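Colleague:
2 protein chains.
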Amino acid sequence: MYSIGDLSKKTGVKIPTIRYYEQMGLIAAPDRTEGNQRRYERRELERLSFIRHARDLGLSIEAIRDLVELSQHPEKPCTGADAIATTHLASVRAKIAQLKKLEHELERIVSHCAGHTVGDCYVIRALSDHGLCEGSMDEV
Amino acid sequence: MYSIGDLSKKTGVKIPTIRYYEQMGLIAAPDRTEGNQRRYERRELERLSFIRHARDLGLSIEAIRDLVELSQHPEKPCTGADAIATTHLASVRAKIAQLKKLEHELERIVSHCAGHTVGDCYVIRALSDHGLCEGSMDEV
DNA sequence: CTAATCTCTCTAGCAGCTATAGGTTCAAGA
DNA sequence: TCTTGAACCTATAGCTGCTAGAGAGATTAG
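If you read the sequences in order, they're chains A and B. Quick note: the first sequence uses the numbering used here, first residue 1, plus one each step. Quick note: the second sequence uses the numbering used here, first residue 141, plus one each step.
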């Protein structure tokens, strides 16, 4: 039997976060002591590690809820789990692509700034004048 | 004179967002009509475009507040603006590096999954068992 | 038994908006 | 001039994924 603090130390998930996950339905409400404190079993330790790991990979609470649900049914086909991971991979890649665009834009802005006052600072001018962008980032 | 709707159309910033920026002190409270509706000048249109552009680059409201402040003082040295952009560039790069790690991990997980049921699904197993990770992402 | 440390619930806060409700004002056409 | 419909107003609540604090009660080591 683990207290919530034990669970927290073992998984690296903070105590309020554990309670939050319970509220969000990622972990079941555990048994309580007579004094109303949560007491966990090994099972819940494992599930929380699962959740932690999935969060580290950037999966949403929503996606994790689905994965947890799936993991409770080992006999079902795993296409659902695969789809969740694949979809997430795609969104991670999209995010990377977007951030690389930002990186290039920022590099360009920063490197071009040879001015010494705000009046001729390329950083400020680039932000003021969208025309200074290479191929605008958005359609506006 | 532009109404808030005009401003919104011209800059692509949604109306509630414009009001939010006013509240946050990014743009000054404009004059009002007798009937209490906001009326903007060209000056504010330009500033909002500036803000939009900076947001597109991922700068925080806080950072933008500083940049806007700086841009009002063309005679000052631009080291502050440069520092904001440089710092942001560093954080974008850090984010990219982190997402690439996630990308690799997810690729590995997805590509290894040859199972057909949840019971032998690599996605689920990889999440359940941290030991399946290549060089763990975190120290837990 | 006591003191120190957990733990409990509830509430509010973070960023950066977005949405809704319920009311007022504006502008264009008849 | 009047009417109607679109646009606007404020205020409040909600979104994600936590985190922090208050104030009270529970547990445990000595």
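Cβ atoms here follow ideal geometry from the backbone N, Cα and C, with glycine treated the same way. Please read all numbers here as calculations on a predicted model, not as lab measurements.
1) For the alpha helix (DSSP H) containing A/D120, list its first residue and its last residue.
2) Determine the chain A residues that contact B/A203 at a beta-carbon separation under 8 Å, and present them in chain order.
3) Measure the alpha-carbon distance for A/E107 versus B/A194 and round it to whole angstroms.
4) In the DSSP assignment, the alpha helix (DSSP H) including A/Y20 goes from what residue to what residue?
5) A/E107 versus chain B: which residues are under 9 Å apart at the beta carbon?
6) Strictly under 9 Å for the Cβ-Cβ distance: is B/R233 near chain A by that measure?
7) Looking only at its own chain, which residues have a Cβ that is under 8 Å from the Cβ of A/R52, when we skip the five neighbours before and after it?
8) Cα separation between B/E215 and A/S128?
9) What is the DSSP secondary structure of A/D31, reduced to helix, strand or coil?
10) Taking just the CA atoms, how far does A/I27 sit from B/D222?
11) Would the segment 113 to 123 of chain A and the segment 203 to 218 of chain B be scored as touching if the rule is three or more Cβ pairs under 8 Å?
12) How would you write the range of the alpha helix (DSSP H) that B/A225 sits in, first residue to last?
13) Would you say A/P77 lies against chain B (beta-carbon separation less than 9 Å)?
14) Can you list, in chain order, the residues of its chain with a C-beta nearer than 7 Å to that of A/R65? Leave out the 5 residues immediately preceding and following it.
15) Could you spell out the range, first to last residue, of the alpha helix (DSSP H) harbouring A/D6?
16) Name the DSSP bridge partner or partners of A/R38?
17) Considering Cα atoms alone, identify which of B/R172, B/N176, B/R159, B/D171 is closest to B/L188.
18) Using a C-beta cutoff of 9 Å, does A/S8 count as contacting chain B?
19) For B/L147 versus B/E184, is the C-beta distance shorter than 9 Å?
Modeller: For this structure:
1) A/D120 -> no alpha helix (DSSP H), and no H or E assigned at all.
2) Taking the beta carbon of B/A203 as reference, no residue of chain A falls within 8 Å; the closest one sits roughly 11 Å away.
3) Distance between the alpha carbons of A/E107 and B/A194: 14 Å.
4) 15 to 23 is the extent of the alpha helix (DSSP H) around A/Y20.
5) Chain B residues near A/E107: L229.
6) Yes, because at least one Cβ of chain A sits closer than 9 Å to the Cβ of B/R233.
7) Cβ neighbours of A/R52 beyond the five flanking positions: T11, G12, V13.
8) Taking the straight line joining both Cα atoms gives about 16 Å.
9) In the structure shown, A/D31 sits in a strand (DSSP, three-state: E or B).
10) Taking the straight line from one Cα to the other gives about 47 Å.
11) Taking 8 Å as the limit for Cβ pairs, the verdict is that the segment 203 to 218 of chain B does touch the segment 113 to 123 of chain A.
12) DSSP places B/A225 inside the alpha helix (DSSP H), whose first and last residues are 219 to 252.
13) Yes, A/P77 lies at the interface with chain B (some Cβ there is under 9 Å from its Cβ).
14) Scanning its chain for C-beta atoms nearer than 7 Å, with the 5 sequence neighbours on each side dropped, one finds around A/R65 the residues G25, L26, in chain order.
15) Counted as a single uninterrupted DSSP element, the alpha helix (DSSP H) harbouring A/D6 occupies residues 4 to 11.
16) DSSP output for A/R38 lists A/R32 as bridge partner(s).
17) It is B/R159 whose Cα lies nearest to the Cα of B/L188.
18) Not an interface residue.
19) Yes.
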